[in-house]
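Only one structure is covered here, and it is reproduced in the block below.
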Amino acid sequence: MTRFPTLFLSHGGGPWPFMEDRRVQYARTAEEFGRLPQLLPARPKAVLVISGHWEADAFTVSTSAQPPMVYDYYGFPEHTYHLKYPAPGKPELAMEVKALLKHAGLDCREDANQGFDHGTFVPLGLMYPNADMPIVLLSLKSSYDAAEHIKVGQAIAPLRDEGILIVGSGLTYHNMRGFNRPESKPVSYDFESYLNEAIGNPDAARRNAMLVDWENAPSARLAHPREDHLLPLMVAAGAAGSDVGKRVFVDEVANVAMASYVFG
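In our numbering, the protein residues as written are 5 to 268.
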């Protein structure tokens with residue numbers, strides 16, 4: 005079996021693909037997400053998603069065979085609260101994730117009710133519009149320990165050799181008060197430049213150290229007052245092992261840079 009890369013995707017704001025004006029704004033992201041399957045060595049058996057929109061007291065996996073929808077956004081048109089993305093779950097993959105984390109000394113719980121938030125159904129819906137790709141979700145841990153999220157990535161890395169695509173879904177800039185403000189543009193580019201330097205470092209130990217030290221990056225807390233949308237990158241980088249990351253593309257929406265990366 006060919007080893008799959010790992011991805012970090014900046015998923016954008018809310019259910020944007022389902023709103024005509026937003027779809028125009030995010031045209032570059034829509035095109036690039038649609039092309040992502042072509043970057044892969046084969047069709048995955050399943051996708052494991054770590055979304056910035058699901059966190060729990062302990063790392064938790066979704067075990068539903070038919071995950072529901074989670075409409076975790078506010079102030080959007082009524083039709084966006086009735087969207088369906090009926091991709092299947094894969095309970096046996098969830099159990100394997102749990103076992104890998106346990107083997108690494110990490111507590112992992114199960115959630116039979118967790119469904120697809122927009123950090124999942126937006127990018128995966130554009131990658132696999134037929135909703136025929138099995139998806140399992142792995143939560144963030146709400147203590148927000150960057151090193152621990154890298155360790156989780158390292159624990160699940162063997163999945164890459166089993167035909168599983170690991171996707172961290174967040175944003176390289178996530179400050180709700182900063183979107184659509186002119187002063188946010190240089191902040192977003194300065195911080196993304198640090199991330200891009202980190203992921204492109206050929207020394208994985210140095211890369212991971214830079215990611216753990218992200219708060220000392222330029223404009224770090226202006227870009228991420230809370231790091232929920234950054235931690236999925238830590239998991240993707242941890243799972244990358246010695247594979248060097250590179251920027252797939254940068255879109256600019258709402259006056260901020262939104263970058264996506266591939267490792268391997």
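C-beta: ideal position from N, C-alpha, C; glycine also.
Inter-residue spacing [alpha-carbon to alpha-carbon] between Glu59 and Ser146: The alpha-carbon atoms of Glu59 and Ser146 are separated by roughly 6 Å.
Met137, DSSP secondary structure in three states: Reduced to three states, the DSSP call for Met137 is coil.
Per DSSP, cross-strand counterpart(s) of Asp115: Paired residue(s): Ser66.
Neighbour-count burial assignment, Met238, 16 or more Cβ in a 10 Å radius: Its Cβ being crowded by 16 or more others within 10 Å, Met238 is buried.
Outcome for Val28 when other beta-carbon atoms lying within 10 angstroms are tallied against a minimum of 16: Exposed.
First and last residue of the uninterrupted beta strand (DSSP E) at Met262: That run of the beta strand (DSSP E) goes Val260 to Phe267.
Between the CA atoms of Thr176 and Ser188 - distance to the nearest angstrom: Answer to the nearest angstrom: the Cα atoms are 12 Å apart.
Pair within 8 Å by beta-carbon distance, Met262 and Gly18: No, the Cβ-Cβ distance between Met262 and Gly18 is not below 8 Å.
C-beta neighbour in chain C for Arg181, strict 8 Å: Absent here is chain C; the protein component of the structure consists of one chain.
Local Cβ density within 10 Å of Ser264, reported as buried at 16 or more and exposed below that: Buried, since its Cβ has 16 or more Cβ neighbours within 10 Å.
Through-space distance from Leu104 to Met137, alpha-carbon basis: Their backbone Cα atoms lie some 22 Å apart in a straight line.
Neighbourhood of Leu144 by C-beta distance below 6 Å, restricted to the same chain and skipping five residues each side: Cβ contact annotation for Leu144 (same chain, cutoff 6 Å, sequence separation greater than five): Glu59 and Leu235, in chain order.
Straight-line Cα distance separating Ile54 from His122: Their Cα atoms are separated by approximately 12 Å.
Element boundaries [beta strand (DSSP E), containing Phe37]: For Phe37, there is no enclosing beta strand (DSSP E); the enclosing alpha helix (DSSP H) covers residues Ala31 to Arg39.
CA-to-CA distance, Val126 to Gln158, given in whole angstroms: Gln158 and Val126 have their C-alpha atoms some 26 Å from each other.
Endpoints, beta strand (DSSP E) assigned at Leu237: For Leu237, there is no enclosing beta strand (DSSP E); the enclosing alpha helix (DSSP H) covers residues Leu235 to Ala244.
Phe183: CB within 7 Å of a non-hydrogen atom of the ligand HEM: Looking for the ligand HEM in the displayed structure turns up nothing, as the structure carries no ligands at all.
At least 3 beta-carbon pairs within less than 8 Å: the stretch 57-73 vs the stretch 105-114: Output reads yes: the stretch 105-114 touches the stretch 57-73.
Segment contact, 8 Å Cβ cut-off, at least three pairs: the stretch 6-14 with the stretch 159-171: The stretch 6-14 vs the stretch 159-171: in contact.
Beta carbon of Val266 nearer than 8 Å to that of Leu43: Going by beta carbons, Val266 and Leu43 fall inside the 8 Å limit.
Sequence ranges, beta strand (DSSP E) only - wholly within the stretch 146-204, length at least 3: For the stretch 146-204, the continuous beta strand (DSSP E) assignments of 3+ residues that do not extend past its boundaries occur at 168-174, in sequence order.
Endpoints, the alpha helix (DSSP H) within which Gly123 is located: Taken as a continuous stretch (DSSP letters only), the alpha helix (DSSP H) holding Gly123 covers His122 to Met131.
Rounded Cβ spacing between Ala150 and Val216 (contact assumed at less than 8 Å): Cβ atoms of Ala150 and Val216 come within 8 Å of each other, at about 5 Å.
Own chain, CB closer than 7 Å to Arg211, minus 5 neighbours either side, in chain order: Excluding the 5 residues flanking it on each side, Arg211 has same chain C-beta neighbours closer than 7 Å at Ala202, Ile203, Asn205 and Ala241, in chain order.
Boundaries of the beta strand (DSSP E) in which Arg251 is found, first to last residue: It spans Gly249 to Val257 - the beta strand (DSSP E) in which Arg251 sits, taken as one unbroken run.
Ala209 versus Pro133, Pro162 and Ala243, residue with shortest Cα-Cα distance: Nearest neighbour of Ala209 by Cα position, chosen from Pro133, Pro162 and Ala243, turns out to be Ala243.
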